Structures are given as structure tokens and as C-alpha cells.
Amino acid sequence: AAFTPTAGEWRWDGSEYQTDSCNAEAALPTDTLDATLWDLTLTDDGFELDNAAWTADPIRCTLEGTAASCTTELVTAAQWPDESDGDEGPDATYTTTGTIVAAFSTAEESTIELASTMTCEGSDCDAHAAAAGRVTPCETSLTGRFILAN
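Letter by letter, the sequence shown follows residues 802 to 951 of this note's numbering.
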């Protein structure tokens, strides 16, 4: 019989940063990540994840047995920190590519791991990365559980 996770709202649980040279935890602490609800919508070959705060296309995940694999790409234009003197935005565009792997133990729970790499293009990348407390390229990895919230 084919395995299908339950459609509905899901959330991370017990998430922990394993690697974080991108300083992602400063922008997305684990308690915020664990409180964020993701809409899991079934597709022909797996499912999609999306939420109100996610500005990119839904994250597409393929399902093989009880294992899911998802890839993401998020492109963002950098902004100077509020305390900066610059009126214009920096010449820096970040691209974050990520891979998510989930292993479902039931239709309502899985372990989950995210591994992402961030790169930057533009003449202000080094200055902006220093202001953000990171270097580029950088890597972030997270582990935890992914559970049905409703």
C-alpha cells in the first residue's frame, strides 16, 4: 500500500541548528521555527509545503516509500540594517538553496533535516555579510521532527 502523510497544518518540533555559518538562528530562532505552521498539500508524487510568511513558490517534495525529499531556492535582495547610514539598498543578492529530507514514522510524524547553502552576488556582498555576522558562501543545517499540528 502507498504511504501518504496526512494533509493539513504541520510544524517543526524540537528543532536544533547543527551548523550555522550563515547566522540563520539570529533571524529564525528555533522557538519561532517550531511555532510556524506549514500547510502540507498532497500532490501526485508527494506533497507541497507553504505558509503565509514563505514568499517563494511552495516547496515541492517527492515521496518514495516513507521518505520525502524536497528542494528549495530563495532569492532575496539584501537590505542594510536599520542603524545603517545608507539610503540605498546594498548591491547584494542572496540565493539560498536547500534540501529537506524527511523520514515518516507515521502519517502524522517524521524526522526532518534541512541543509542549505547561501551565496551572494553583488559588489556589497562582503560588507553586507559582515554587517549580518556571516560570510558567504555559508551553510546552515537543522534537524528536528515534523509533526501534524491539527
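Using N, Cα and C, we set each Cβ at its ideal position, and we do this for glycine too. As the structure is a prediction and not an experimental result, all values here were calculated from the model.
Cutting at 6 Å between CB atoms, please list the residues of its own chain near residue i, excluding the five before and the five after it.
i: A825; result: T941
i: D821; result: T941
i: T831; result: S816
i: E914; result: V902 and T944
i: G934; result: N824
With distance defined between alpha-carbon atoms, name the residue in the options nearest to residue i.
i: G890; options: A878, T898 and I901; result: A878
i: T807; options: G899, I901, T907 and T863; result: T907
i: Q819; options: A916, L875 and L841; result: A916
i: T837; options: A827, S924 and W813; result: W813
i: S870; options: W855, A904 and D892; result: A904
i: T944; options: Q880, W855, T900 and T873; result: T900
i: T897; options: T856, L843, T844 and F804; result: T856
i: T912; options: A854, F947, A853 and P859; result: F947
i: Y895; options: L829, C939 and E849; result: C939
i: G923; options: Q880, E909 and N951; result: Q880
i: N951; options: E909, R861 and T844; result: E909
i: A854; options: T918, L829 and M919; result: L829
Under 8 Å by Cβ, that's how I've got residue i and residue j pegged, so tell me the actual separation to the nearest angstrom.
i: E810; j: W839; result: 7 Å
i: T863; j: G847; result: 4 Å
i: D925; j: D892; result: 5 Å
Could you please give me the residues that DSSP links to residue i through a beta bridge?
i: V902; result: S870 and E914
i: E744; result: A question about residue 744 goes unanswered here, because the residues of the chain that appear run from 802 up to 951.
i: A878; result: T894
i: G934; result: Answer is none; G934 lacks a bridge partner.
i: C862; result: F848 and C871
i: L949; result: W811
Below 7 Å CB to CB, which residues in the same chain sit around residue i once its five sequence neighbours on both sides are set aside?
i: A930; result: C921, V936 and T937
i: T867; result: F804, A904 and F905
i: L882; result: According to the sequence as given, residue 882 is Pro; it is not Leu. So the qualifying residues of the chain are A932.
What separation, rounded to the nearest whole angstrom, lies between the Cα atoms of residue i and residue j?
i: L949; j: L841; result: 9 Å
i: L834; j: A827; result: 12 Å
i: V876; j: E865; result: 28 Å
i: P1031; j: D851; result: Absent from the structure is residue 1031, since the part of the chain shown begins at 802 and ends at 951.
i: M919; j: R861; result: 19 Å
Beta-carbon of residue i versus every beta-carbon of chain D: anything under 8 Å?
i: T877; result: In summary, chain D is missing from the structure at hand, where a single protein chain is found.
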